[in-house]
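Just so you know, we're using the UniProt record's numbering here: the sequence shown kicks off at 1 and counts up by one.
Right, one structure below, let's go through it.
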Amino acid sequence: MSKRVLIVDDAAFMRMMIKNILTKNGYEVVGEAENGAVALQMYKELKPDLVTMDITMPEMDGIQGVKAIRAVDPNANIIMCSAMGQQSMVMEAIQAGAKDFIVKPFQQDRILQAVERVLSRG
Numbered sequence: 001m002s003k004r005v006l007i008v009d010d011a012a013f014m015r016m017m018i019k020n021i022l023t024k025n026g027y028e029v030v031g032e033a034e035n036g037a038v039a040l041q042m043y044k045e046l047k048p049d050l051v052t053m054d055i056t057m058p059e060m061d062g063i064q065g066v067k068a069i070r071a072v073d074p075n076a077n078i079i080m081c082s083a084m085g086q087q088s089m090v091m092e093a094i095q096a097g098a099k100d101f102i103v104k105p106f107q108q109d110r111i112l113q114a115v116e117r118v119l120s121r122g
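Put into C-alpha cells, the structure is as follows:
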C-alpha cells in the first residue's frame with residue numbers, strides 16, 4: 001500500500017508541484033490544505049502517513065499547524081517547507097515537532113529524500 005500524504009501550502013502551484021513529485025514516485029496524495037486550520041481538520045479525517053507543511057500561511061501558520069496536529073497525534077510525521085532565510089523559523093518548527101524540513105525552491109531529490117527518511121523512521 002502506498003504511503004498517504006497531506007500537502008499544506010497556501011500557494012496552489014506549490015501544492016501542485018509537491019503533489020506531482022510525490023505521485024510520480026508512488027505516494028498517494030490524500031488531501032491538500034491552504035493553511036494550518038484546514039490541515040488540522042483534514043488530518044483528523046484522513047489520518048495521512050505524512051504531512052508537508054509550509055511555514056508562512058494565513059489564518060494558522062505552519063508552526064501553529066505542527067503544534068495543533070501533534071496535539072492530536074504525537075507521532076505525526078510532518079516535514080516543514082520554508083523559503084530561504086527562515087532558519088530561525090525552521091528551528092522553531094523542529095522544536096514544535098516537525099521531523100525534517102525542505103527549502104524552497106524545491107529540488108525533487110531533496111523532497112523524496114526527506115519523505116523517505118521521515119517515513120522509514122516513523
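Yeah, the Cβ is synthetic: ideal placement off N, Cα and C, and Gly gets one too.
Report the three-state DSSP secondary structure of residue i (helix, strand or coil).
i: Ile111; result: helix
i: Ser2; result: coil
i: Lys47; result: coil
i: Ile55; result: coil
i: Gly26; result: coil
i: Met80; result: strand
i: Glu34; result: coil
i: Phe101; result: strand
Do residue i and residue j have their C-beta atoms within less than 8 Å of each other?
i: Val90; j: Met80; result: yes
i: Gly36; j: Met60; result: yes
i: Ser82; j: Val103; result: yes
i: Met17; j: Phe101; result: no
Our contact map puts residue i next to residue j with C-beta atoms below 8 Å; I'd like the distance itself, whole angstroms only.
i: Asn77; j: Asp49; result: 6 Å
i: Ala96; j: Val66; result: 4 Å
i: Glu92; j: Ile63; result: 6 Å
i: Leu112; j: Asn25; result: 6 Å
Notebook entry, point to check: Does the region 4-11 come within contact of the region 37-46, defined as at least 3 CB pairs closer than 8 Å?
Noted result: yes
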